[in-house]
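*Asks:*
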Amino acid sequence: MAEGAEQGPGAEQPGNGGGAGSPRVSIMASASTSKYNSHSLENESIKRASQDGVNRDLSETVPRLPGEMLITDKEVIYICPFNGPIKGRVYITNYRLYLRSLEMDSALILDVPLGVISRIEKMGGATSRGENSYGLDITCKDMRNLRFALKQEGHSRRDMFEILTRFAFPLAHSLPLFAFLNEEKFNVDGWTVYNPVEEYRRQGLPNHQWRITFINKCYELCDTYPALLVVPYRASDEDLRRVATFRSRNRIPATGGGYESDDAYHNIELSFLDIHNIHVMRESLKKVKDIVYPNIEESHWLSSLESTHWLEHIKLVLTGAIQVADKVSSGKSSVLVHCSDGWDRTAQLTSLAMLMLDSYYRSIEGFEILVQKEWISFGHKFASRIGHGDKNHADADRSPIFLQFIDCVWQMSKQFPTAFEFNEQFLITILDHLYSCRFGTFLFNCESARERQKVTERTVSLWSLINVNKEKFKNPFYTKEINRVLYPVASMRHLELWVNYYIRWNPRIKQQQPNPVEQRYMELLALRDDYIKRLEELQLANSAKLSDPPTSPSSPSQMMSHVQTHF
Numbered sequence: 000m001a002e003g004a005e006q007g008p009g010a011e012q013p014g015n016g017g018g019a020g021s022p023r024v025s026i027m028a029s030a031s032t033s034k035y036n037s038h039s040l041e042n043e044s045i046k047r048a049s050q051d052g053v054n055r056d057l058s059e060t061v062p063r064l065p066g067e068m069l070i071t072d073k074e075v076i077y078i079c080p081f082n083g084p085i086k087g088r089v090y091i092t093n094y095r096l097y098l099r100s101l102e103m104d105s106a107l108i109l110d111v112p113l114g115v116i117s118r119i120e121k122m123g124g125a126t127s128r129g130e131n132s133y134g135l136d137i138t139c140k141d142m143r144n145l146r147f148a149l150k151q152e153g154h155s156r157r158d159m160f161e162i163l164t165r166f167a168f169p170l171a172h173s174l175p176l177f178a179f180l181n182e183e184k185f186n187v188d189g190w191t192v193y194n195p196v197e198e199y200r201r202q203g204l205p206n207h208q209w210r211i212t213f214i215n216k217c218y219e220l221c222d223t224y225p226a227l228l229v230v231p232y233r234a235s236d237e238d239l240r241r242v243a244t245f246r247s248r249n250r251i252p253a254t255g256g257g258y259e260s261d262d263a264y265h266n267i268e269l270s271f272l273d274i275h276n277i278h279v280m281r282e283s284l285k286k287v288k289d290i291v292y293p294n295i296e297e298s299h300w301l302s303s304l305e306s307t308h309w310l311e312h313i314k315l316v317l318t319g320a321i322q323v324a325d326k327v328s329s330g331k332s333s334v335l336v337h338c339s340d341g342w343d344r345t346a347q348l349t350s351l352a353m354l355m356l357d358s359y360y361r362s363i364e365g366f367e368i369l370v371q372k373e374w375i376s377f378g379h380k381f382a383s384r385i386g387h388g389d390k391n392h393a394d395a396d397r398s399p400i401f402l403q404f405i406d407c408v409w410q411m412s413k414q415f416p417t418a419f420e421f422n423e424q425f426l427i428t429i430l431d432h433l434y435s436c437r438f439g440t441f442l443f444n445c446e447s448a449r450e451r452q453k454v455t456e457r458t459v460s461l462w463s464l465i466n467v468n469k470e471k472f473k474n475p476f477y478t479k480e481i482n483r484v485l486y487p488v489a490s491m492r493h494l495e496l497w498v499n500y501y502i503r504w505n506p507r508i509k510q511q512q513p514n515p516v517e518q519r520y521m522e523l524l525a526l527r528d529d530y531i532k533r534l535e536e537l538q539l540a541n542s543a544k545l546s547d548p549p550t551s552p553s554s555p556s557q558m559m560s561h562v563q564t565h566f
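In numbering that gives the first Met the number 0, the protein residues as written are 0 to 566.
Listed below in structure tokens is the structure:
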């Protein structure tokens, strides 16, 4: 049916598709830095009093990953949208922008991966009047903007602008993405999580009444759309031949694809899902950003949110996925999902349908496999949709398709709080590193490009980071269930804006404490483990008690007493 961290990166601690066609469903029976001097911060020591009067020793250096180099540092004024101008020092590495407040009454820190930056603009000019009117305005991909004012003399912002531009957009300056410079080591290899053959065998087990058949693997520029066929177990090869026939008859990449003819298929139901294209989704997210950052107009909040149409798009995607899952599970039908290209709305629908159908994908490892299989291996154009290392922020190919999918997953986790092994922080971490360029997981448009760049050999997988910190990402309310199909309610009354993601930078909405939700998760997990341990001990003690042989009565009176006791 188809289309048509640790504190996460960018932590701010205050004080502060496809094509234009409509989706449808067919149901069938190391960077060079010689120009810049590296500054050593090893001897830096800054002490100041916090608002509660306790001295804080900030002598620690700027956090750096293995392979991360400091490029420059500069004194600036951070124009905080919540607390006003704050004097600070900004440090720029080949991976992040890190700002530390220098004011006695502020403990603000900004830690922003450069991959999150979408656009850098100069603010004001040499003759600009007004305090803090001269500096840089930075637009980020994670729903916020950063503004820095500099001294209005000479060309005080030139070096900061040039360095940020160079390392935030490395591909535009013939530099490697940071993932290829990252030297982090983990004792788990995330690249081994997904094995296509093993996953196919897992789906083919008799206790699974459905399986996935790949029709086309996306290579090069994915000039043909992939199709995914969900077929009943033990389906005949005729089903596969029909899909192959469909693919050959409708392969028209030069004209934007096509859709099935009723003449080619008998006993089919053709459904168009009205899910909008990538351009509509991009504009919808821009409207969300306008209403959540930096100011929220609470008196018109509901009407403002409705005007973005973001939740309406979420509803349509979920509705389509539910239709796919229902036809496969209840109707025992085969479902062909496709759209003009196959790497946007198709991936959304198939992965969400599989999440509904197969409880395995609701585990941490299962979800990682789902993303690897349906998004990465199948050819979602991450490079084009996200713009990794690319300065062309206005590129028409940019679109929040994967973000939309993760939002849908979050909506499902809200409706089924015990069905998912992973928690909200797991989803937020995935989105943060979708942009960060710290890992190779979401780089490039297709498998062939990743193979040419030797991504699995030269970069680290995001799943390595997650799988060595699994406890941090576990849902304490998770109850493992086998073969339970989930059908979320896809109505506007049951959908809500994901506040902890979209509005997390606003301290008035969410108290900026060191990961309070994560801390609560850890406490609940520890409590759960304690209860499980105590239960096992009680069961063991009870089992031992029941296995003790009863003492045989030695006389008629004792025997009668024994019988009466048991009655």
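Just so it is clear, CB atoms sit at the ideal spot from N, CA and C, and this is done for glycine as well. Treat the numbers as computed from the prediction; the structure is a model and nothing was measured.
Roughly how many angstroms lie between the CA atoms of Ala106 and Phe419, to the nearest whole one?
*Replies:* The alpha-carbon atoms of Ala106 and Phe419 are separated by roughly 36 Å.
*Asks:* According to DSSP, is Lys121 helix, strand or coil?
*Replies:* Lys121 falls in the strand class under three-state DSSP.
*Asks:* Enumerated in chain order, which unbroken segments of the beta strand (DSSP E) with a length of 3 residues or greater are wholly contained in the stretch 263-325?
*Replies:* List check, beta strand (DSSP E) in window: 268-271.
*Asks:* Run through the DSSP bridge pairs and tell me what Arg95 is partnered with.
*Replies:* Arg95 is bridged to Pro112.
*Asks:* What is the rounded straight-line gap between the Cα of Ser447 and the Cα of Glu535?
*Replies:* Using only the alpha carbons, I get a separation of about 50 Å.
*Asks:* Out of Thr60, Val291, Asn194, Arg437, which one is the CA nearest neighbour of Lys372?
*Replies:* It is Asn194 whose Cα lies nearest to the Cα of Lys372.
*Asks:* Mapping DSSP to helix, strand and coil, what is His592?
*Replies:* What the structure shows of the chain is the stretch from 0 to 566, and residue 592 is not part of that stretch, so it cannot be assessed.
*Asks:* Have a look at Trp497 and Ala148 and give me their C-alpha separation to the nearest angstrom.
*Replies:* One C-alpha to the other measures close to 32 Å.
*Asks:* So is Trp504 buried or exposed if we call it buried at 16+ other beta carbons inside 10 Å?
*Replies:* It counts as buried.
*Asks:* My understanding is that Pro112 touches Ser435, with C-beta atoms under 8 Å, so please give their C-beta distance in whole angstroms.
*Replies:* Indeed, because the Cβ distance is near 4 Å, the residues count as touching under 8 Å.
*Asks:* Determine the extent of the alpha helix (DSSP H) in which Lys413 is found, giving its start and end residues.
*Replies:* 400-414 is the extent of the alpha helix (DSSP H) around Lys413.
*Asks:* Does the beta-carbon of Leu545 have 16 or more other beta-carbons within 10 angstroms, so that it is buried, or is it exposed?
*Replies:* Classification of Leu545: exposed, given that the 10 Å Cβ count is below 16.
*Asks:* His387 and Ser117: beta carbons closer than 7 Å?
*Replies:* No, the pair does not count as a contact, with Cβ atoms beyond the cut-off.
*Asks:* Determine the DSSP secondary structure at Thr138, reduced to helix, strand or coil.
*Replies:* In this structure, Thr138 counts as strand in the three-state DSSP scheme.
*Asks:* My guess is that Ile363 and Phe415 are in contact by the Cβ rule of under 8 Å, so how many angstroms apart are they, rounded?
*Replies:* With 8 Å as the limit, Ile363 and Phe415 do not qualify as a contact, their Cβ atoms being about 16 Å apart.
*Asks:* Starting from Gly74, follow its DSSP beta bridges and name the residues at the other end.
*Replies:* Gly is not the amino acid found at residue 74; the sequence shown has Glu there. According to DSSP, Glu74 bridges with Arg88.
*Asks:* Excluding five sequence neighbours on each side, which residues of the same chain lie with their C-beta closer than 6 Å to the C-beta of Ala382?
*Replies:* Only Phe443, Asn444 meet the Cβ criterion.
*Asks:* From what residue to what residue does the beta strand (DSSP E) around His337 run?
*Replies:* Where His337 is concerned, the enclosing beta strand (DSSP E) stretches over 333-337.
*Asks:* Going by Cα to Cα distance, which pick from Ser100, Lys73, Thr349 is closest to Ile608?
*Replies:* Here the chain covers residues 0 to 566 and nothing more, so residue 608 does not appear.
*Asks:* Of the choices Trp309, Glu182, Leu64, whose alpha-carbon is the least far from that of His278?
*Replies:* Ranking the options by Cα distance to His278, first place goes to Trp309.
*Asks:* For Ser412, count neighbouring Cβ atoms within 10 angstroms of its own Cβ and tell me buried if that reaches 16, exposed if not.
*Replies:* Buried: at least 16 other Cβ atoms inside 10 Å.
*Asks:* Going by C-alpha distance, which of Arg143, Ile385, Val488, Glu456 is nearest Pro506?
*Replies:* Answer by Cα proximity: Arg143.
*Asks:* Would you give the residue range spanned by the alpha helix (DSSP H) that Asn157 belongs to?
*Replies:* Residue identity differs from the one stated: residue 157 is Arg in this sequence, not Asn. From DSSP, the alpha helix (DSSP H) with Arg157 extends over 157-167.
*Asks:* Return the bridge partner residues of Gly83 from the DSSP annotation.
*Replies:* Looking at the DSSP assignment, Gly83 forms a beta bridge with Cys79.
*Asks:* Mind the definition here: the stretch 457-472 touches the stretch 182-201 only if three or more C-beta pairs lie below 8 Å; say whether that holds.
*Replies:* Touching, per the Cβ criterion.
*Asks:* Taking 6 Å as the limit between beta carbons, can you name the residues of its chain near Ala167, skipping five residues before and five after?
*Replies:* If we look at Ala167 and ignore the five residues flanking it on each side, its Cβ neighbours are Leu113, Ile116.
*Asks:* In the DSSP assignment, find the unbroken alpha helix (DSSP H) run with Leu461 in it and report its ends.
*Replies:* Unbroken alpha helix (DSSP H) run through Leu461: 461-466.
*Asks:* For a quick check, are the C-beta atoms of Thr417 and Phe476 less than 7 Å apart?
*Replies:* Cβ distance < 7 Å, so Thr417 and Phe476 count as in contact.
*Asks:* Could you tell me how far apart the beta carbons of Lys390 and Ala171 are, in whole angstroms, since I believe they sit closer than 8 Å?
*Replies:* Lys390 to Ala171, Cβ: 5 Å. Contact.
*Asks:* Using 7 Å as the threshold, is the C-beta distance between Lys288 and Leu494 below it?
*Replies:* Going by C-beta atoms, Lys288 is not nearer than 7 Å to Leu494.
*Asks:* Please return the same chain residues whose Cβ sits closer than 6 Å to the Cβ of Phe441, not counting the five positions on each side in sequence.
*Replies:* Same-chain partners within the cutoff: Phe381, Leu433.
*Asks:* Where does Asn276 land, buried or exposed, given buried means 16+ other C-beta within 10 angstroms?
*Replies:* Asn276 comes out buried.
*Asks:* Quick one: Cα of Arg384 to Cα of Leu537, how far?
*Replies:* Straight-line Cα distance between these residues: approximately 54 Å.
*Asks:* What residues are listed by DSSP as bridge partners for Leu69?
*Replies:* Beta-bridge pairing links Leu69 to Thr92.
*Asks:* What are the boundary residues of the alpha helix (DSSP H) that includes Asn144?
*Replies:* Asn144 -> not in any alpha helix (DSSP H); beta strand (DSSP E) instead, spanning 144-148.
*Asks:* Out of curiosity, what's the CA-to-CA distance linking Met122 and Cys79?
*Replies:* Taking the straight line joining both Cα atoms gives about 15 Å.
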